[in-house]
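Reviewing the structure listed below.
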Amino acid sequence: SVTLSGNTDGVWSNGLSTPSIIVRNSGDYYVINSNNCGSDTSNHILVTVSLDTMSPVIACPSNITITLDQDICSSNVIFPLATVIDNCSSNTEITLSSDVMSGTIFSVGTTIVTFSAADLAGNTSECSFDVIINDLQAPEIICPASTITVNAGLDSCSTIVTFEITATDNCTSNPTIEP
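Residues 277 to 455, numbered by this note's numbering, are exactly what the sequence shown covers, in order.
Written out as structure tokens, the structure reads:
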């Protein structure tokens, strides 16, 4: 947009009698001044408005890493908004949105949070950062007795021994048990 000023006692071509006007489109703008003798004069201002083709510049917060406390499997994560500047728009004219809101509960693993910004001309840009939730609590393995005694049958040097191993974990309902 362009601000045209200089009107003291006249009327702009859009009908306003204000000292200045803001124009957003190219065109021929003028002020008409009338004297008391029926004579009008006008001062023309030819305005060319260039289109905004530059995307806003957006900066995301740094990656966030949280290590969970004992027996906890998720965390409420609060993070700052991305910052945005634009060559033509004030901050109130920029739309900033995110796919995940600050204060969301994050589970174990890595979640990518993406912010996007759009200016009044429709130019857009994006940035992202990771929220990493670490579970350092090891699963608990439940083994049978430390010694299992089984008698082999007569004339046999071996026998089949059956036992069960189970495991529990604070964040996985059925942890995998591998030999």
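Where is the CB? At the ideal position from N, CA and C, for every residue including glycine.
DSSP places Asn410 inside the beta strand (DSSP E), whose first and last residues are 400 to 410.
Within the region 339 to 390, the complete beta strand (DSSP E) segments of 3 residues or longer fall at 340 to 343, 350 to 353, 359 to 361, 371 to 374, 380 to 383, listed in chain order. At least 8 Å separates the beta-carbon of Asn399 from that of Ser351.
Just measuring C-alpha positions, the residue of Ser318, Leu292, Cys364 sitting nearest Ser310 is Ser318. Counting along the chain, the unbroken beta strand (DSSP E) around Val307 starts and ends at 303 to 310.
Contact annotation: the region 404 to 412 touches the region 340 to 360, with at least three C-beta pairs closer than 8 Å. Buried is the label assigned to Asp395, since at least 16 other Cβ atoms lie within 10 Å of its Cβ. The Cβ-Cβ distance between Leu292 and Asp304 does not fall below 8 Å.
Short of 7 Å from the beta carbon of Asp445, and not among the five residues preceding or following it, lie these beta carbons of its own chain, in chain order: Pro415, Pro451. Under the DSSP assignment, Asn319 falls in the beta strand (DSSP E) whose first and last residues are 316 to 323.
The continuous beta strand (DSSP E) containing Ala335 extends over residues 333 to 335. Glu440 sits in coil when the DSSP states are folded into three classes, being neither helix nor strand. Val353 and Phe382 do touch by the CB rule: their CB atoms are close to 5 Å apart, below 8 Å. Taking the C-beta atoms as reference points, Val384 is found nearer than 8 Å to Asp411.
One alpha carbon belongs to Val333, the other to Cys364, and they sit about 11 Å apart.
Cβ neighbours of Thr387 within its own chain (closer than 6 Å, five residues either side excluded): Val407.
DSSP lists Thr444 as the bridge partner or partners of Glu416.
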